[in-house]
Each structure stands twice: as structure tokens, then as C-alpha cells.
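What follows is a short report on a single structure.
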Amino acid sequence: MSKPTPSPASPKTEWRTWALEARRSLDRASLSAQLHRALLPALVDAQHVLLYAATAEEIDLLSLVAALPETQFYLPRCAPQRRLAVHAYPCPLVTSRFGIREPAADQPEADPFTLDLVLVPALVLDQRGYRLGYGGGYYDRFLPRLRPDCRTLGIAPFIVAELPTDPWDVPVGLLSGGG
Ligand SMILES: Nc1nc2c(c(=O)[nH]1)N(C=O)[C@@H](CNc1ccc(C(=O)N[C@@H](CCC(=O)O)C(=O)O)cc1)CN2
Ligand SMILES: Nc1ncnc2c1ncn2[C@@H]1O[C@H](COP(=O)(O)OP(=O)(O)OP(=O)(O)O)[C@@H](O)[C@H]1O
Numbered sequence: 460m461s462k463p464t465p466s467p468a469s470p471k472t473e474w475r476t477w478a479l480e481a482r483r484s485l486d487r488a489s490l491s492a493q494l495h496r497a498l499l500p501a502l503v504d505a506q507h508v509l510l511y512a513a514t515a516e517e518i519d520l521l522s523l524v525a526a527l528p529e530t531q532f533y534l535p536r537c538a539p540q541r542r543l544a545v546h547a548y549p550c551p552l553v554t555s556r557f558g559i560r561e562p563a564a565d566q567p568e569a570d571p572f573t574l575d576l577v578l579v580p581a582l583v584l585d586q587r588g589y590r591l592g593y594g595g596g597y598y599d600r601f602l603p604r605l606r607p608d609c610r611t612l613g614i615a616p617f618i619v620a621e622l623p624t625d626p627w628d629v630p631v632g633l634l635s636g637g638g
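Residue numbers for the sequence shown follow the numbering used here, beginning at 460 and rising by one.
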């Protein structure tokens, strides 16, 4: 039996624990396939798209690369000072100390200003686009560095009414029709 959903007043740590546990009972493969299909219309207009390399528990969207051969995809890398570096994909990948596959540090970096669309992984999103990640603050620092017309789309297995927020949180776009 799963735990009750925390409230907007609950601390982020409590939400993180809840989301990490709740996602264990999901069918990740079918959720990934569903999101892949739902994202295709949003991707047709984008030329430069930041994706992420999913862990074994996350929604895996790397299948989009083969489905959209005209699109230039990019992957993030956790650089020092919690900076998110961006690299064109395909490129050689290594597994980071957090267990996430990411571009090797010796690969050339891309300019975040090139990006038209950023798919932002999250443990849980709320209906306003606020997200909860693993707590590194990588995307909170990264999102303000994007071109003002760059679109963002949060990717999470759950969308709740309202998450607790901090002043640095940057809301992301939501897929119309739910995520
Ligand atoms: N697949 C995937 N790639 C991604 C993300 C993601 O959510 N999914 N990220 C989304 O942001 C970034 C990596 N996020 C991370 C967030 C926190 C920590 C981290 O430092 N974790 C600490 C606990 C937090 C702390 O105490 O500061 C740890 O595990 O010890 C690492 C990576 C970039 N790449
Ligand atoms: N723009 C910023 N500048 C400096 N520090 C920041 C900024 N954004 C977030 N942080 C720091 O990052 C930490 C993590 O923030 P938060 O819990 O919101 O992460 P998260 O959104 O879950 O993680 P992630 O973005 O990596 O998925 C916080 O302790 C905060 O102090």
C-alpha cells in the first residue's frame, strides 16, 4: 500500500521520499512509450533539444533520438559548482558518481543559447509547472541561462496540485493533456 500524498506545506524532503517510493510501482516502459508519443507534436518545431539520459527508474525518452533524425539532441553533464553543462548527442558517455549516464567531460560543450526546447526531468511536477528533482538545484541554476524564447517541458511520472516552492524554483512548461 502506498503512503498518502504529502501536503503543499510538507517539506521537500518528505515529497522526495514519497515520489521515490511511489514511482517504484509504476510501469516505466509503458509510461516512457506514452510520453514519447505525447511529446512528438511538441518536438516537430524544435531543432535543438536538451534531453536527459534516464536512470533505470526514470522515464526514458532516448528513443526520441532515433524517431527524429533531423533534430539535434543534447545531454546534460553535472559540472563543478553544480553547473549543468550541455553536450551535443550522440557523444561518448560515462556514468557519473550519481549513477547517471552523461557526456564525458572532455567532450566539447554546447552553448545553452542554442537550445529551442529543454526536457526537464523531475520526480514530481505540480499543475503550475513547479518541479521537484533530486535536490541538486542543477536545473534551477540552468533554466535562467536559456534563451528567453526557449521552451521547457517537465517530465515526471506524477503531477500533483501544489508542491512546496523556494524562491529559486523556476517553473517549467507542462505537456497539454497531462504528463
Ligand atoms: N537522468 C537525469 N539526469 C540528470 C538529472 C535528473 O534528474 N535525471 N538532473 C536533475 O537535476 C541532474 C543531476 N541531478 C542531481 C541532483 C542531485 C545530486 C546530488 O548531489 N545528490 C546528493 C544529495 C543531494 C545533496 O545532499 O546535495 C546525493 O545523492 O548524495 C546529483 C545529481 C542532471 N542530470
Ligand atoms: N539559482 C540558484 N543559485 C544558487 N543556489 C541554488 C539555486 N537554485 C537552487 N539552489 C540550491 O540548490 C539546492 C537544491 O534546490 P532544490 O531542492 O529546489 O533542488 P531540485 O530542484 O529538487 O534539484 P534539481 O534541479 O537538481 O533537480 C538548494 O539547497 C538551493 O540552495
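All C-beta atoms in this analysis are idealised placements derived from N, C-alpha and C, irrespective of residue type, glycine included. Just so it is clear, the structure is predicted and the values come from calculations on it, not from any experiment.
Three-way DSSP call (helix, strand, coil) for T514 in this model: Of the three classes helix, strand and coil, the one that applies to T514 here is coil, per DSSP.
One or two residues paired with P539 in a DSSP bridge: DSSP lists no partner for P539.
DSSP-derived helix/strand/coil call for E568: coil
Proximal residues to A505 (C-beta, below 6 Å), its chain only, five neighbours per side dropped: D575 and L576
Extent of the continuous beta strand (DSSP E) run through V583: V583 to D585
Check whether P623 and S469 have beta carbons under 8 Å apart: yes
Host alpha helix (DSSP H) of T472 (start-end): K471 to A481
Counted within 10 angstroms of its Cβ, other Cβ atoms place E621 as buried (16 or more) or exposed: exposed
CA nearest to the CA of R496, picked from E473, L509, V508 and L520: L520
Extent of the continuous beta strand (DSSP E) run through L509: H507 to L509
Inside the stretch 578 to 620 only - alpha helix (DSSP H) runs reaching at least 4 residues: 597 to 601
Per DSSP, cross-strand counterpart(s) of R560: T554
Reduced DSSP category for A468 - H, G, I as helix; E, B as strand; rest coil: coil
Beta carbon of A513 nearer than 8 Å to that of H546: no
D570 Cβ short of 7 Å to ligand 2 heavy atom set: no
Span separating the alpha-carbon of G594 from that of E473: Whole-angstrom Cα-Cα distance: 12 Å.
Element boundaries [alpha helix (DSSP H), containing P623]: Element bounds for P623: n/a, residue is neither H nor E.
Residues of its chain near A538, where Cβ-Cβ distance is below 6 Å and the 5 sequence neighbours each way are ignored: A544
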